[in-house]
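Novice:
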Amino acid sequence: MRIEVALPVIIPLFFGALALAVWQWRGVQRAVGVLGSAALTASGIWLLVAVWNDGVLAMHMGSWQAPFGIVLAADLLSATMVLLTGVMGLIVALYSLVSMTPDHERFGYHPLLQLLLAGVAGAFLTGDIFNLYVWIEVLLVASFALLILGGERAQMEGAIKYVTLNLISSLILLAAVGLTYGMFGTLNMADLAAKMGEAENTGLVTVVGVLFMVAFAIKAAAFPLFFWLPASYHTPPVAISAIFAALLTKVGVYALIRFFTLMFTEAPEVTQTILLWGSGFTMLVGVLGAAAQFEFRRILAFHSVSQIGYIIMGLALHTPLALAGSLLFIIHHSVVKTNLFLISGISYFARGTHELKDLGGLYRTHPGLSVLFLISALSLAGLPPLSGFLVKLMLVRAGLEIEAYWIVGIALLTGLLTFYSMVKIWAEAFWKADPRGEEAPANGAAWPGRGGLWLLYGPVAALAALAVLMGVAAEPFLQLSIAAGEQMLDVDAYVEAILGADAR
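All you need for this note's numbering is the position in the sequence shown, starting with 1, plus 1176.
(1) Kindly list the residues whose CB is nearer than 7 Å to the CB of G1298, restricted to its own chain and excluding five residues on each side of it in sequence; keep chain order.
(2) Thinking C-alpha only, which one of F1244, S1239, L1196 and L1642 is nearest T1686?
(3) For N1377, tell me which candidate among P1496, A1391 and T1356 has the shortest Cα-Cα distance.
(4) Among L1301, G1373 and W1453, which residue has its Cα nearest to the Cα of A1393?
(5) Looking only at C-alpha atoms, which of P1560, L1592 and A1269 sits nearest to V1463?
(6) With distances taken from CA atoms, which of L1545, V1317 and H1286 is nearest G1192?
(7) Short of 6 Å in beta carbon distance, which residues of its chain neighbour L1349, apart from the five on each side in sequence? Order them along the chain.
(8) On the CB-based measure, 16 or more other CB atoms within 10 Å of its CB, does F1470 come out buried or exposed?
(9) Under three-state DSSP, which class holds M1439?
(10) Return the first residue and the last residue of the alpha helix (DSSP H) that H1530 is part of.
(11) Using CA atoms only, rank isn't needed, just tell me which of V1384, S1345, I1305 and E1577 is closest to A1366.
(12) Taking W1602 as the reference, give the member of V1567, L1554 and G1295 with the closest Cα.
(13) Among the candidates L1288, L1183 and A1250, whose CA atom is the shortest distance from the CA of Q1205?
(14) Which residue's Cα is closest to the Cα of I1658: S1510, T1594, G1490 and G1676?
(15) Give me whichever residues DSSP pairs with D1304 in a beta bridge.
(16) Using the beta-carbon count (16 or more within 10 Å), is K1533 buried or exposed?
(17) Assess contact between the region 1655 to 1669 and the region 1488 to 1504, defined as three or more Cβ pairs (one per stretch) separated by less than 8 Å. Is contact present?
(18) What does H1236 pair with, by DSSP beta-bridge criteria?
(19) According to the neighbour-count rule (16 or more other Cβ atoms, all chains shown, within 10 Å of its Cβ), is G1238 buried or exposed?
(20) Could you name the residues of the same chain whose beta carbon sits closer than 8 Å to that of I1522, not counting the 5 residues immediately before and after it, in chain order?
(21) To test your reading of the DSSP string, which unbroken beta strand (DSSP E) runs of 3 or more residues are found completely within the region 1365 to 1452?
(22) Are the CB atoms of V1512 and L1571 within a distance shorter than 8 Å?
(23) Would a C-beta distance cut-off of 8 Å place I1187 and L1233 closer than the cut-off?
(24) Measure the C-alpha to C-alpha separation of A1616 and A1269 and round it to an integer number of angstroms.
(25) Could you check the C-alpha separation between A1621 and S1272 for me, to the nearest Å?
(26) Under 8 Å, do E1579 and T1495 count as touching if we go by C-beta distance?
(27) Opposite E1471 in the DSSP bridges: which residues?
(28) So V1644 and L1562 are in contact, right, with Cβ under 8 Å, and what is the actual spacing, rounded?
(29) Is I1324 near the ligand FAD - that is, is its Cβ less than 7 Å away from at least one heavy atom of it?
(30) Looking at the unbroken alpha helix (DSSP H) that takes in Q1205, where does it start and where does it end?
(31) Looking at the structure shown, is M1276 part of a helix, part of a strand, or coil, going by DSSP?
(32) Secondary structure at R1317, three-state DSSP: helix, strand or coil?
(33) Would R1473 and H1509 be called neighbours here (beta carbons separated by less than 8 Å)?
(34) Considering only C-alpha positions, which residue in the set L1301, P1278 and E1604 is nearest to I1179?
(35) Just to confirm my understanding: we take M1459, look at its own chain, exclude 5 residues before and 5 after, and list those with CB closer than 7 Å. What are they?
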């Protein structure tokens, strides 16, 4: 039994329950939240090392062998995503110790954060389509509760759009699950990968694949049903916005990558064409939406949409290099976009607003914050030697290798427009003079003491350092992503690890 495969799900569920048990003791609850995220990170490291050394790992729940029982499975893709979940959860849990108000904590922030992490980890590790649906619903419930935490009007308006489109996505997903079971009599991913090549009605299989594509594209905030994301991500407390930016859309793109490299591979001329056009529109619509905004977090939210387009581009190109680029882009985007949201929270502490017209002078009053913003912003735009340059170079090279020139052109144009948006934030929030002519916080924002500053700046500095490290010391990240890209296309290895050597 490979218990390391199950631990990333068990740990946040346990610590979430423990946080509920100590509901009345706020300090203990905060410690439980940090310890739970740290334990998840440690389990993610253990799992990734085990997968790197031993290949695809599987754990059969209750000793029921696949395809009849519930299976948790980990390859390099899912193990990397689990580790990313733990790291982002830990960063946000530390930042929350200062940024989250006592009222939000009393409403259940720490248990809900652990439940969200459990749902995300479960979605990454499940080897069964129905259980993927279950884990997505778990994280949907937790994310909806976090989104409305505090009950402010803007939060409720954003939450309605968020939950409506995601419920539509869940209904489409459930319909596709039912059709899949009706056709093949199984929902185990490895079993489906073995059987889909033998399907008589390949047209119906492709239709079901497109249904899955639509369901996951909505959850990934891809074009055209992306508007729930910029309508909701700027409304909750900034720590919640940051964890959403780090993880929620990644579940959707992970599912797209898993389904269209493992199972629905029989009609690539249809599915990859749809994905490629969708990625182009997603990049353009997201970056143009960001260019039109003048609120710090709304700009970042629209850029989350455009960056999803890059990840889907790698899946659509469907070469080992492109898939490696998609995985590395997921890591880069989670690190950089989470950091930019956290930086927006510190700027709010300093000035009491997210509106660019009311910000200013941060370069002179908070030079350290300005440097950290520049690192993350330039990385998001793709300037060397930061992480964004490496991942965009990989995707551009993958597109040029198969002569997909038009999508490469869109990717480069999106990078230029991303740079424009980051320059706009820099010019308005950091470079221009403070429009109020004073440095005191506004709207009741309270600048934390020295200990609080460490907890705010420490996570931000760590993520900025990681963005630099991914660019200047890229070899380990490249090795991991390239190995994962090759493994994604080795369907037989995944099927054999789950079902046994005689499966195909």
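Backbone N, C-alpha and C fix where the C-beta goes; we use that ideal spot for every residue, glycine too.
Specialist: Let me lay it out:
(1) Excluding sequence positions up to five before and after G1298, its CB lies within less than 7 Å of the CB of V1185, W1311 and V1314, all in the same chain and listed in chain order.
(2) The structure shown has nothing for residue 1686, since the chain only spans 1177 to 1680.
(3) Looking at the Cα atoms, T1356 is the closest of the given residues.
(4) It is W1453.
(5) Minimum Cα-Cα distance from V1463 among the listed residues P1560, L1592 and A1269 corresponds to L1592.
(6) Of L1545, V1317 and H1286, the smallest CA-CA separation from G1192 is found for H1286.
(7) Its chain contains Y1309 and A1391 as the residues whose beta carbon lies nearer than 6 Å to that of L1349, once the 5 sequence neighbours on both sides are disregarded; these appear in chain order.
(8) With fewer than 16 other Cβ atoms within 10 Å, it is exposed.
(9) Coil, per DSSP.
(10) Per DSSP, H1530 belongs to no alpha helix (DSSP H) and is neither H nor E.
(11) Closest by alpha carbon: I1305.
(12) Ranking the options by Cα distance to W1602, first place goes to L1554.
(13) Residue L1288 is the option with its Cα nearest to Q1205.
(14) Ranking S1510, T1594, G1490 and G1676 by Cα distance to I1658 puts G1490 first.
(15) Paired residues: N1364.
(16) Flag for K1533 reads exposed.
(17) Yes, the region 1655 to 1669 touches the region 1488 to 1504.
(18) Residue pairing for H1236: DSSP places it in a beta bridge opposite V1247.
(19) By the 10 Å Cβ count, G1238 comes out exposed.
(20) Only H1542, L1545, L1632, Y1633 and V1636 meet the Cβ criterion.
(21) Those beta strand (DSSP E) runs which fall completely within the region 1365 to 1452 and span 3+ residues do not exist here.
(22) No; because the gap between Cβ atoms is not below 8 Å, this pair is not in contact.
(23) No. Outside cutoff.
(24) With a pLDDT of only 48 at A1616, under the threshold of 50, the placement of this residue in the model should not be trusted, and no figure is reported.
(25) With a pLDDT of 49 at A1621, under the threshold of 50, the modelled position of that residue is not reliable, and no figure is offered here.
(26) No.
(27) The partner list for E1471 (beta bridge, DSSP) reads E1531.
(28) Rounded, the Cβ-Cβ distance is 6 Å, consistent with contact.
(29) Of ligands this structure carries none, so the ligand FAD is not represented either.
(30) Looking at the DSSP string, the run of the alpha helix (DSSP H) that includes Q1205 is R1202 to D1230.
(31) Three-state result, M1276: coil.
(32) Residue 1317 is actually Val in this sequence, not Arg. Three-state DSSP puts V1317 in a helix.
(33) Not a contact, by the Cβ cut-off of 8 Å.
(34) Of the candidates L1301, P1278 and E1604, the residue whose Cα lies closest to the Cα of I1179 is L1301.
(35) Around M1459: S1482, G1485, Y1486, I1586, A1587 and T1590.
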